[in-house]
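Novice: Sending over a structure as C-alpha cells; questions will come in a sec.
See below:
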C-alpha cells in the first residue's frame, strides 16, 4: 500500500532536487543530486517506485536518462497528490 505521506515525501524530495538539478551549471552538484536520488530510491516504497518506473529498472538510476526521469517522476507524483 502506498501511503499519502509516502507520496508527499517523495514529491517534496524529488521536486526540490529536480528544481536545483534543472537550474544547476555545476556537474558536481548534479552528480550529488543523482547520488541523493539513487539513495532515496533504495529506501522508497517498492509499490510507489513500481508506479513511477513503469517497469524500467533503471528509472532515476541512469545518468543518461536522469533529467527526463526526474521530470516524469515529479509529474506522476503530482497527479497522485
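In our numbering, the protein residues as written are 7 to 87.
Ideal Cβ positions, reconstructed from N, Cα and C, are used throughout, including at glycine.
(1) Expressed to the nearest angstrom, what Euclidean distance is found between the alpha-carbon atoms of residue 24 and residue 87?
(2) Which value, in whole angstroms, describes the spacing of the CA atoms of residue 49 and residue 22?
(3) With a threshold of 16 other CB atoms inside 10 Å of the CB of residue 33, please say whether the residue is buried or exposed.
(4) Can you tell me which of the three DSSP states residue 78 falls into?
Specialist: This is what the structure gives:
(1) 17 Å
(2) 18 Å
(3) exposed
(4) helix
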